[in-house]
Amino acid sequence: METTGIVRRRTAERVRDTMERLAAERDVWVSTAHPDHGPHQVPLWFLWDGRAVWLCTGATSVTVRNVRAEPRVRLALPDTFDVVLLQGEAECFPETEVPAPAAEAFAARFGWDPRAEEEPFVYVRVAPRSVRAWRGEPELRGRVVMRDGTWLEQPPMPRP
């Protein structure tokens, strides 16, 4: 992989770029693990509400089973060069208990409302505790942009 020409971003720029990607991207890799059955990874649609990631999957899915047994999860945006990795604890909300604003925003974003499906679905909320973001080898140092649920720097203000 060629990494020449990459300009190392400051932490605040990485935070800004990460937040923009979380708002714009559609898919995220969700990694869970069960104490008895081991790791599981699956891509899912997601919604970023500014503080947490919302996912939705079938109530009987491996993801839901794993989260209920072990709530610690890792999420990864699908670009392997412009990496964004989130780690946090997941919380399950049956479709009848999901906060209406989250369910409505999810339905509006994807044009699909899981609450209207015949089979039951579960919404999964992940509030990140840590976030790492980097573009190529030049940005490996300083890749942590959130620690203990707090962004390390505020993103720069958008230009007019």
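Sequential numbering of the sequence shown, starting at 1149, is according to my numbering. The beta-carbon is built from N, C-alpha and C at its ideal position, and this holds for glycine as well.
Excluding its 5 nearest sequence neighbours in each direction, Glu1267 has C-beta neighbours in its own chain below 7 Å: Gly1206, listed in chain order. The three-state reading of DSSP puts Thr1211 in helix, counting H, G and I together. Among the bridge pairs identified by DSSP, Leu1300 is matched with none. Annotation for Pro1249: the continuous alpha helix (DSSP H) segment containing it runs Ala1248 to Phe1258. Between the stretch 1249-1267 and the stretch 1195-1202, the count of C-beta pairs closer than 8 Å reaches three or more; the two stretches touch. By the criterion of a C-beta distance shorter than 7 Å, Asn1214 is surrounded in its chain by Thr1180, Ala1181, His1182 and His1188, once the five residues flanking it on both sides are discounted. Contact between Val1163 and Glu1287 is ruled out by a C-beta separation of about 13 Å, above the 8 Å threshold. Counting along the chain, Asp1165 sits inside the alpha helix (DSSP H) bounded by residues Thr1159 to Ala1172. Here Val1210 has His1188 as same chain residues with Cβ atoms under 7 Å from its own Cβ, once five neighbours each way along the sequence are excluded. Per DSSP, reduced to three states, the secondary structure at Arg1220 is strand.
In the three-state reduction of the DSSP assignment, Glu1265 falls in the coil class.
In the same chain as Leu1225, and ignoring 5 residues on each side of it, the C-beta atoms closer than 7 Å to its own belong to Arg1169, Glu1173, Val1176 and Val1232, in chain order. Its Cα nearest to that of Ala1171, the residue Trp1196 stands out among Trp1196, Thr1244, Arg1263 and Val1293.
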